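As structure tokens, the structure follows; a few thoughts come after it.
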Amino acid sequence: MRMLNLKPIFIDHFQTLRTSGGSVEAISKSDITTLYGIPLIVPAVAIWRDWHMGGIGDLLTALSLMCGLLFNLLVLSFDVALRAAAQVRNSQVETLSTSVKIRLIRQLQANTTYALVIALAATIGLAVGASEDLKHFNPWVTATLIYLLTHFVFVLMVILKRIRAIFRNELTP
5 MRMLNLKPIF IDHFQTLRTS GGSVEAISKS DITTLYGIPL IVPAVAIWRD
55 WHMGGIGDLL TALSLMCGLL FNLLVLSFDV ALRAAAQVRN SQVETLSTSV
105 KIRLIRQLQA NTTYALVIAL AATIGLAVGA SEDLKHFNPW VTATLIYLLT
155 HFVFVLMVIL KRIRAIFRNE LTP
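Heads up: the sequence shown runs through residues 5 to 177, numbered per this note's numbering.
Here you go:
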């Protein structure tokens, strides 16, 4: 069962949700609120409005494509990390533990892996609905899937932020 242990993925992701305030790093309450609290609004509206998610097959297709792209990003980040580590090893100035680029690549990897877990959870829910030939889900299943999908979009924004930071770090003299 150790193969299915997702705890390290969640821990790695939560470690990226930190803010640097002087010499102390602390959990960023605004990141936690944004990633986990704000996505609760949409499913609450879905339950209140009695929404029934339809277009299950189309959503499944779109999410499956996103999963494939995230797997590619994960492989690409591994390749970039190997090259960055080689540069750092040849550097007289920084080490693997002090390199900003290495830190950002590790955060990107953690966020991407976490996004894949969320996307796969939503994909499984959508696949079950598609396999049952459902035309739409009941409001509670709709709310759960909406939460996962909204949360997934917010995590994608974090991934974009990390990619931007890596590029800026790389291109800033």
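Just so it is clear, CB atoms sit at the ideal spot from N, CA and C, and this is done for glycine as well. Given the structure is predicted, the values throughout are model-derived calculations rather than measurements.
Inset, instruction - Say yes only if the C-beta of Met-57 is nearer than 7 angstroms to one or more non-hydrogen atoms of the ligand FMN, and no if none qualify. - result: This structure does not include the ligand FMN; it has no bound ligands of any sort.
Inset, instruction - To the nearest angstrom, report how far apart Leu-160 and Leu-77 are at their CA atoms. - result: Near 12 angstroms, if we compare the C-alpha coordinates of Leu-77 and Leu-160.
Legend entry - Beta carbon of Pro-43 nearer than 8 angstroms to that of Ala-147: No. Outside cutoff.
Legend entry - Secondary structure of Gly-59, DSSP reduced to three states: Coil, per DSSP.
Legend entry - Residue range of the alpha helix (DSSP H) that includes Phe-158: Looking at the DSSP string, the run of the alpha helix (DSSP H) that includes Phe-158 is 143-175.
Inset, instruction - Measure the CB-CB distance between Ile-13 and Leu-21 and report whether it falls below 8 angstroms. - result: No, they are not a contact pair.
Inset, instruction - Answer yes or no: do Phe-156 and Ala-114 have a C-beta to C-beta separation smaller than 8 angstroms? - result: No, the Cβ-Cβ distance between Phe-156 and Ala-114 is not below 8 angstroms.
Inset, instruction - Would you mind stating whether Val-121 and Leu-10 have Cβ atoms separated by less than 8 angstroms? - result: Going by C-beta atoms, Val-121 is nearer than 8 angstroms to Leu-10.
Inset, instruction - Report the three-state DSSP secondary structure of Thr-127 (helix, strand or coil). - result: Look at Thr-127 here: in three-state DSSP terms it is helix.
Legend entry - Unbroken alpha helix (DSSP H) run spanning Asp-35, endpoints: Unbroken alpha helix (DSSP H) run through Asp-35: 33-36.
Inset, instruction - Go through its chain and collect everything with a Cβ distance to Thr-116's Cβ below 7 angstroms, but skip five positions before and after it. - result: Taken in chain order, the residues that qualify are Leu-74, Leu-77, Leu-78, Ser-81, Ile-163.
Legend entry - Contacting residues, own chain, Cβ-Cβ under 7 angstroms from Val-84 (five flanking each side not counted): Here the set comprises Ile-109.
Inset, instruction - Pick helix, strand or coil for Gly-26, following the three-state DSSP scheme. - result: No answer about Gly-26 holds up, because its pLDDT of 49 lies below 50 and its placement is not dependable.
Legend entry - Coil, strand or helix - Leu-21 by DSSP: Taken through DSSP and simplified to helix, strand or coil, Leu-21 comes out as coil.
Inset, instruction - Rank Ala-169, Glu-174, Leu-175, Phe-158 by C-alpha distance to the C-alpha of Thr-37 and give the top, closest one. - result: Of all alpha-carbon atoms in Ala-169, Glu-174, Leu-175, Phe-158, the one lying nearest the alpha-carbon of Thr-37 is that of Phe-158.
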